[in-house]
Amino acid sequence: MVSHLRLKFPTIAVYTVSLPLASFIFCVLWSLLFNFERATFTHCQVPNYLPSISAAIGTFSPQKYVWQICVAIHAVPRFLVVFMYYSHLSDILYKDAIWQFLASFIFFVQAAEVTSLLGLTFISSSENFHAHEACFCVFMITAIANMILLYITMKYGTKQRSTLVQDLSLKYKSMFGTLNVSSTFLAVYFYFRHNWYCEPVVYTFFALFEYVVVFTNMCYHMTAYYDFADQIITKRIYRETLWKSHSRRIIQELLHSVGTLLKVASYNNASSYSPGGRRQGGEESRRKSSLQVRAHGG
Numbered sequence: 005m006v007s008h009l010r011l012k013f014p015t016i017a018v019y020t021v022s023l024p025l026a027s028f029i030f031c032v033l034w035s036l037l038f039n040f041e042r043a044t045f046t047h048c049q050v051p052n053y054l055p056s057i058s059a060a061i062g063t064f065s066p067q068k069y070v071w072q073i074c075v076a077i078h079a080v081p082r083f084l085v086v087f088m089y090y091s092h093l094s095d096i097l098y099k100d101a102i103w104q105f106l107a108s109f110i111f112f113v114q115a116a117e118v119t120s121l122l123g124l125t126f127i128s129s130s131e132n133f134h135a136h137e138a139c140f141c142v143f144m145i146t147a148i149a150n151m152i153l154l155y156i157t158m159k160y161g162t163k164q165r166s167t168l169v170q171d172l173s174l175k176y177k178s179m180f181g182t183l184n185v186s187s188t189f190l191a192v193y194f195y196f197r198h199n200w201y202c203e204p205v206v207y208t209f210f211a212l213f214e215y216v217v218v219f220t221n222m223c224y225h226m227t228a229y230y231d232f233a234d235q236i237i238t239k240r241i242y243r244e245t246l247w248k249s250h251s252r253r254i255i256q257e258l259l260h261s262v263g264t265l266l267k268v269a270s271y272n273n274a275s276s277y278s279p280g281g282r283r284q285g286g287e288e289s290r291r292k293s294s295l296q297v298r299a300h301g302g
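The structure is reproduced here in structure tokens:
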């Protein structure tokens, strides 16, 4: 017997994006409330009022564990979306070699983005700085590349007439992609300015634009809500009907055996305490006592 679990993709998209978003907000707020001095410390020892992302999600407990758990859970549907985009782009794009190559290239870019996110999440800079740095660089490059390429292919390479929902998706892709790229350059600028001049509050602006980069990245991925608005994810659940029939018969036989044992036990208890049983026991005891008296008398 086969049953099906049916989930609408928009529901999956909301929960998938909500996990890292909620954990990110929790990590930043918890760091500000309970680890403010250590989370906002800089090597220049200049005033700073916001923790960097690496400090908020990878240094203190319980923040790093909350972030790791949520990212690990959300990675499963993220990989599902990667395969869905590949299938979707292969269908809607022109059959020219360049567009089909872009569909395959975007697949590898998206897979690398999710994989590098897992890498920089579970490999902290304190444990292995070079591996963490490599994962961070790959994540930033693939995230920006995905935003640009996905927007270009879906706007200029499709052979289908766009719908209102698709136009809305492209509008949000353009808006959040532009904000993300601009915030990335601003974050890099403030980061190097802080390291070069050690000016007060500059590192705070770096952290702030880091937050914007993360938030706009999540919003961009949320546009899959519109790209697959009519999709339903179906999961087949197989159930063994033979096992169900066998298990039902075994349970019936066990119940019958237990009932028989209970009847036998109750019958034995009743016979041991019956008047006949007591009388028979009394006669045997009197016979034994009389024999003992005769033996002594003899």
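Basically my numbering = 1-based index in the sequence shown + 4.
Beta carbons are placed, not taken as given, at the ideal position from N, Cα and C, and that holds for glycine.
In this structure the region 10 to 23 does not touch the region 177 to 186; the number of beta carbon pairs closer than 8 angstroms is below three. A distance below 7 angstroms between beta-carbons, with the five flanking residues on each side excluded, links Ala149 to the following residues of its chain, in chain order: Val113. In the three-state reduction of the DSSP assignment, Lys12 falls in the strand class, which pools E and B. The DSSP assignment places 40 to 43 and 57 to 62 as complete runs of the alpha helix (DSSP H) inside the region 40 to 79, in order along the chain (cut-off: 4 residues). Beyond the five residues adjoining it in sequence on each side, Tyr229 comes within less than 6 angstroms, by CB distance, of Pro14 and Ala17 in the same chain, given in chain order.
Pairing Leu124 with Asn132, the inter-Cα distance amounts to about 10 angstroms.
Straight through space, the alpha carbons of Val192 and Phe38 are spaced by roughly 27 angstroms. Take the alpha-carbon of Phe189 and the one of Leu9: they are about 44 angstroms apart.
Residue burial is scored here from C-beta neighbours: Asp231 has at least 16 other C-beta atoms within 10 angstroms and is therefore classed as buried.
The straight-line gap separating the alpha-carbon atoms of Ser35 and Thr44 is approximately 9 angstroms.
Listed in chain order, the non-local C-beta contacts of Cys74 below 6 angstroms within the same chain comprise Leu23, Pro24 and Ser27, local neighbours out to five positions each way being set aside.
For Leu174, the uninterrupted alpha helix (DSSP H) run begins and ends at Leu168 to Tyr201, by DSSP. For Leu124, the enclosing alpha helix (DSSP H) starts and ends at Ala101 to Phe126. Pairwise C-beta distances place the region 49 to 59 out of contact with the region 99 to 110, as fewer than three of them are shorter than 8 angstroms.
In this structure, the alpha-carbon of Tyr207 lies about 43 angstroms from that of Leu11. Between the alpha carbons of Val218 and Lys68 lies a distance of about 16 angstroms.
Within the same chain, no Cβ atom closer than 6 angstroms to the Cβ of Ala76 is found once the five residues on either side in sequence are excluded. In the DSSP assignment, Thr220 falls within the alpha helix (DSSP H) that extends over Val206 to Met226. The criterion of a C-beta distance shorter than 8 angstroms is satisfied by Ile110 and Leu93. Burial is judged here by how many other beta carbons sit within 10 angstroms of a residue's own beta carbon; Lys175 has fewer than 16 and is exposed. Rounded to whole angstroms, the separation of the alpha carbons of Lys177 and Thr227 is 7 angstroms. Comparing C-alpha distances from Thr119 to each of Ser166, Leu212 and Ala79 shows the shortest one belongs to Ala79.
For the 8 angstroms CB-CB criterion, Ile96 and Lys163 form a contact. Secondary structure note for Leu153: its alpha helix (DSSP H) is the uninterrupted segment Phe133 to Tyr160. Taking the CA atoms as reference points, Met144 sits about 16 angstroms from Ser129. Under DSSP, Thr238 forms a beta bridge with Arg10.
Distances from the CA of Ser65 to each of Tyr98, Thr46, Ala233 and Phe30 were compared; the closest alpha carbon is that of Phe30.
Contact between Phe210 and His198 holds, since their C-beta atoms are separated by about 6 angstroms, short of 8 angstroms. Nearest to Ile152 by alpha-carbon distance, out of Trp71, Arg42 and Tyr224, is Tyr224.
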